[in-house]
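Residue numbers (our numbering): 135 to 849.
All residues carry an ideal CB built from backbone N, CA and C; glycine is no exception.
Treat the numbers as computed from the prediction; the structure is a model and nothing was measured.
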């Protein structure tokens, strides 16, 4: 029998060291050998101390490991202090005993490892039956498993049966070399599987823990399920392909629907491509139907590998579902010419006013069929955003329905002048707007007393009723907020406009203001805004910035839904901005104006992005309007003339008593008497503009207080 090499070397070291321990201290007391032995003994004592202080198990084994060094130092010190070799050759006996102890115990070769393998020289144990262990695994009978299952069981048993489980079956995935699914059950009947991790499953098969997915096993006919069963999907090949060439479904799950993705908790329903229109659609829904989509469009684009382009990527939310449309070219940069067919209202007063990003027609109303009333209008946007273009198509649709249109603006321009040829009346200053609103307000009183021919009694206006003796009137006020702040006529414009929005619907009069803000401090009272919002479909063009557009749209919505963004220009993202910066190149100038692009708020409060129809003012607009201009009835004109409200509203100065009462003649004593009384119907009290005498001002608003302060300069 052979002796282990470590044992032979250690015994040789004891044999050679024992004579040195006996002879060196007696013949060479100052030899460095003695110092080395004593230092080794000191190191052994330090090892004893550390083993004693340690809380770990195996302290005795470590103490025994250091004992040869400590005992050798003790033999060396004893031999040095004794005379000669000591009585009865004590030094020689101690050295021989030290060597014999080392031969027998062999602390270094036997005790340096916790699990010591017996020496090869040891007699081989006799094979005998081992007694049954109390915790032995249940013996699994041969169930005729296939080769893959038997190989998987072998690897599983070599790993020590992780979590005390047994492989029931292993199934290879079709077309995969290494991917498979293993069905596990607890080794003991009735015990749940606990403590099994992805790492414990991945280790026996040599794959990454990320390639393992643990799933519950559903109860099936003929097979149990529940906590005592578990399914492990091992997919290294599929994951390698998924990391390099994922499908749209896999990319969505990993990059978009993950907790840190652009739409967490969502799952892709389907992914389609419309080659003819140049658009790719991603339709998704929330996995939990009780959750609301939370979409970060920029994150979604990065997750799908798409350019973060607000002119080509749009999102449409509908409950728990949403649609992301990715266009090759900006869809709203196209021009949709207006035609009479599109602008002709249907039986419910609806006509096509534009198209959305998906090519769907968007409709708005010239009257409210469901409410049996006219429709107001609210149009917002900065200069050159497309408001006047929208006025043109809206007026054309109203005219095609047989309605009367009045248009007033603060300043004269080419487009409004052209529109004046096809409508009843048009003017371009604050005085004209004040006169038109006053006349429309008076028409409410006139129409309230107009008898209907079928029974001779007056009735409220009913759109589309052929028995109605008058036509619907639509009063437009462009730049209404600017006109409402006019120092001379702003108070009348704001008061009459607010009154018209409240009472005009009963008498077939709709008010259509336009401007750059829907808020009270710019001319809109809360009551006026609420009436406009509830009886129209507000249209918001570019307000100067995406934030301002969103705020204006939310100000016209009953609930603040997600509002689409309208950038200043539509421009495709080309190349890398970083590379252009490093090369010192200019950014590409390929922007397309967003004029005509607007957010329209539909009846359910949802904001939709659309491109309004285009009316070309450089050509003849007669193709959009009816051949004959719709006018008021003779009875209405006569009644307005009786009230002094029907004349050429382009007169530059107000008529005497039109807005303010005329001052009385001076008294005989020369003192100026104060003018009293009221001017024309609806007028507010105010002193005449000529003469030094003025009426007592009625202070009811900050504007009136400012006017009263200004009047003191003439005292």
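According to DSSP, what are the bridge partners of residue i?
i: residue 703; result: 727
i: residue 499; result: 484
i: residue 408; result: 413
i: residue 608; result: 539 and 644
i: residue 781; result: Its beta-bridge partners do not exist; DSSP assigns none.
i: residue 144; result: Answer is none; residue 144 lacks a bridge partner.
i: residue 314; result: 306 and 368
i: residue 588; result: None; residue 588 has no bridge partner.
i: residue 419; result: 401 and 455
i: residue 561; result: 542
i: residue 447; result: 460
i: residue 509; result: In the DSSP output, where bridge partners are listed per residue, residue 509 has none listed.
i: residue 337; result: The partner list for residue 337 (beta bridge, DSSP) is empty, contrary to what the question assumes.
i: residue 667; result: According to DSSP, residue 667 bridges with nothing at all.
i: residue 675; result: In the DSSP output, where bridge partners are listed per residue, residue 675 has none listed.
Around the C-beta of residue i, are 16 or more other C-beta atoms found within 10 angstroms, so that it is buried, or is it exposed?
i: residue 237; result: exposed
i: residue 538; result: buried
i: residue 225; result: buried
i: residue 467; result: buried
i: residue 529; result: buried
i: residue 521; result: buried
i: residue 597; result: buried
i: residue 165; result: exposed
i: residue 527; result: buried
i: residue 474; result: exposed
i: residue 407; result: exposed
i: residue 358; result: exposed
i: residue 505; result: exposed
i: residue 163; result: exposed
i: residue 424; result: exposed
i: residue 494; result: exposed
i: residue 628; result: buried
CB of residue i to nearest heavy atom of the ligand FMN: below 6 Å?
i: residue 423; result: This structure lacks the ligand FMN; in fact it carries no ligand of any kind.
Given residue i, which residues of its chain have a CB within under 7 Å of its CB, disregarding the five upstream and five downstream residues?
i: residue 576; result: 774, 777, 779 and 815
i: residue 230; result: 152
i: residue 482; result: 503
i: residue 233; result: 148, 149 and 152
i: residue 478; result: 485 and 534
i: residue 581; result: 604, 641 and 642
i: residue 492; result: 459
Between residue i and the rest of its own chain, which residues show a CB-CB distance below 6 Å, the 5 nearest in sequence each way excluded?
i: residue 442; result: 432 and 435
i: residue 196; result: 185
i: residue 363; result: 319 and 351
i: residue 437; result: 389, 390, 395 and 396
i: residue 554; result: 560
i: residue 661; result: none
i: residue 817; result: For residue 817, the pLDDT reaches just 41, beneath the cut-off of 50, and the residue's location in the model is therefore unreliable, leaving the point undetermined.
Ignore the nearest five residues each way along the sequence and tell me which others in residue i's own chain have a CB closer than 8 Å to its CB.
i: residue 368; result: 312, 313, 314, 315, 316, 335, 336, 339, 341, 345 and 346
i: residue 698; result: 448, 733, 741, 742 and 743
i: residue 709; result: 722
i: residue 586; result: 592, 593, 601, 602 and 603
Which of helix, strand or coil does DSSP assign to residue i?
i: residue 305; result: strand
i: residue 429; result: coil
i: residue 458; result: strand
i: residue 691; result: coil
i: residue 824; result: Low local confidence applies: a pLDDT of 35 at residue 824 is under 50, so the model's placement there is unreliable, with the coordinate-based value given in what follows. Coil.
i: residue 528; result: helix
i: residue 202; result: helix
i: residue 716; result: helix
i: residue 622; result: coil
i: residue 358; result: coil
i: residue 805; result: Caution is warranted here: a pLDDT of 42 is assigned to residue 805, below 50, making its placement in the model unreliable, and the coordinate value is therefore given only provisionally. Coil at residue 805, not helix or strand.
i: residue 351; result: coil
i: residue 471; result: strand
i: residue 261; result: With a pLDDT of only 49 at residue 261, under 50, the local geometry of the prediction cannot be trusted, and the value read off the model is given with reservation. Coil.
i: residue 649; result: strand
Pull up the CB-CB distance for residue i and residue j, whole angstroms please, since I reckon it's below 8 Å.
i: residue 758; j: residue 472; result: 6 Å
i: residue 304; j: residue 283; result: 4 Å
i: residue 453; j: residue 677; result: Not confirmed; about 28 Å, so no contact.
i: residue 175; j: residue 208; result: 7 Å
i: residue 639; j: residue 669; result: 6 Å
i: residue 727; j: residue 703; result: 6 Å
Taking 7 Å as the CB-CB cut-off, is residue i touching chain D?
i: residue 661; result: The structure shown has no chain D; it contains just one protein chain.
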